[in-house]
Each structure stands twice: as C-alpha cells, then as structure tokens.
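Engineer: Dropping a structure here in structure tokens format, bear with me for questions.
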Amino acid sequence: VIAVLAFGWAVQGGVSAVEGVLLMVGLGVALFISIAGARHGVELDERTYSVPREVVRTVVGLLLTVLGAQLLIEGALDLADRAGIAEGFVGLTLVAVGTSLPEMVTSVIASRRGETGLIIGNLLGSNIFNSFAVGGLVGLLGPGTLTDQAMAGTPVVLMVGVAVGVFALLTAGGRVQKWEGLVLLAVFVAAIPLLPR
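Under the working numbering, the first residue of the sequence shown is numbered 506, with each subsequent residue one higher.
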C-alpha cells in the first residue's frame, strides 16, 4: 500500500530525478525490512542445486524477458498508433496484462501446491518493485520530468483502492476466496471503460 501511495504521489507532479532517487531509497528500505523479517523461521530446503545450471537458467530467463518486453512495447505502441488511442490506455490494459502473465502463472502453480507464502510474496514483491524500482528508474533515466496528467487521476485511485482491498482480504481471512477473486476480476473489467483513452 505504501509503495502504491508513493508511486501515486510521484505521478501526480511528475517523476523527476529527485523523486526517482526517493523511490529507489524506498525500494532499499523495503528490501531491508523484507530480508530482515525473512531471516526468522526460515525452513531449509534439503534439495541440492547445480549452481552453474541455475546461473545459466537465470541469465537465459533474463535475456528472454528483455526480448519479450521489447517486442511487447513495440507491438503496443504500434497498436495504439493504428487504433488512435492513447499509449497510456494500452499500457494500463494490454501491456499490464502481458507483463503480469508470469506472475499469474506463478501464483496459480503456487496455489495448487498450497504455497501461500509464495503467492503473497509474489503479489507484494510485484507491487513494491513496480512502484519503487520502475518508478525510480524512469525518473532517473527518463527524458526530464515524466508526467501524464491523464494517468494521474483514475488509474492512481484504482491502484490504491485495489491495493487496500487485497491487503484487507489477506489480513482478514488469511486468503482470497474464489468469490473474492471473481470480484477482483470484475472490478478490473469494470474499470477499463473508466481509464483515460
């Protein structure tokens, strides 16, 4: 929730280099808190792994991710241009869904295996990284102050609302029920017409 609020605050006035630094500092603090909390009660995995093999798999995965991201961005920009709609709308819909597919697959597999901790970590980690790291890097590496007033209204309100809602569901019942998941999907579909085009 804090990460989403920080990102929303930055977008309201534009993400400059200064805000980019602040977001990166926020990421460092969040990582420190997460690592410090994870040191307690860690369950050791008895399986053995080949370090060279895992390094190769990681590098290959990163390269494919970068390539896929490049293709996704080029396709999204071309689609926005041909359809005559705002790039921000495509980013909030098609690009957002495309970049979230790996997280969705990970969460579904973890859910079937009963690994609830991985699901929560995936959701929280994604929000923290996207809000702090991506927002920070855009502010630091982007062409001057990055702002889009159309994106600073309804999308930010939806981000904060969904973040608060999911957090409330997880803390109240410890898990998201099927009907609650359907409600979240319905909210996403209903919110699409409200997004700026």
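Virtual Cβ for every residue (Gly too), placed ideally from N, Cα, C.
Just so we're clear, the structure is a prediction, and the values are computed from it rather than from any experiment.
1. When burial is assigned at 16 or more other CB atoms within 10 Å of the CB, is Glu579 buried or exposed?
2. Alpha carbon to alpha carbon, how far is Thr676 from Asn627? Give it in angstroms, no decimals.
3. For Arg633, count neighbouring C-beta atoms within 10 Å of its own C-beta (all shown protein chains included) and say buried if the count is 16 or more, exposed if not.
4. For Gln682, report the span of its alpha helix (DSSP H) as first-last.
5. Please report how far the alpha carbon of Gly619 lies from the alpha carbon of Ile625, in whole angstroms.
6. Thinking C-beta only, is Ala615 closer than 8 Å to Gly596?
7. Flag this pair as touching only if the region 583-597 and the region 559-575 have three or more C-beta atom pairs under 8 Å; answer yes or no.
8. Confirm, please, whether the CB-CB distance from Leu690 to Thr475 is below 8 Å.
9. Hey, how far is the Cα of Ala696 from the Cα of Val667?
10. With a threshold of 6 Å on Cβ separation, who are the neighbours of Leu532 within its own chain once the five nearest residues in sequence on each side are excluded?
11. Going by Cα to Cα distance, which pick from Leu599, Val600, Gly630, Thr598 is closest to Thr611?
12. Going by DSSP, what residue range makes up the alpha helix (DSSP H) through Glu620?
13. Using the Cα positions of Glu524 and Leu663, report the straight-line distance between them to the nearest angstrom.
Structural biologist: Looking at the atomic coordinates:
1. With fewer than 16 Cβ atoms within 10 Å of its Cβ, Glu579 is classed as exposed.
2. For Asn627 and Thr676, the distance between alpha carbons rounds to 16 Å.
3. Inspection of the sequence shows that residue 633 is occupied by Ile rather than by Arg. When all chains shown are included, Ile633 counts as buried.
4. Unbroken run through Gln682: none, as it is neither H nor E.
5. Their Cα atoms are separated by approximately 12 Å.
6. Their beta carbons are not under 8 Å apart, which means Gly596 does not touch Ala615 by this criterion.
7. Segment contact: the region 583-597 against the region 559-575, fewer than three CB-CB distances shorter than 8 Å; contact not assigned.
8. Because the chain is modelled from 506 through 702, residue 475 falls outside the range shown and cannot be assessed.
9. Answer to the nearest angstrom: the Cα atoms are 11 Å apart.
10. Hits under 6 Å: Phe637, Ala638.
11. Out of Leu599, Val600, Gly630, Thr598, the CA that lies nearest to the CA of Thr611 is found in Gly630.
12. Where Glu620 is concerned, there is no enclosing alpha helix (DSSP H), given that its DSSP letter is neither H nor E.
13. Within the model, the alpha-carbon separation for Glu524 versus Leu663 is close to 22 Å.
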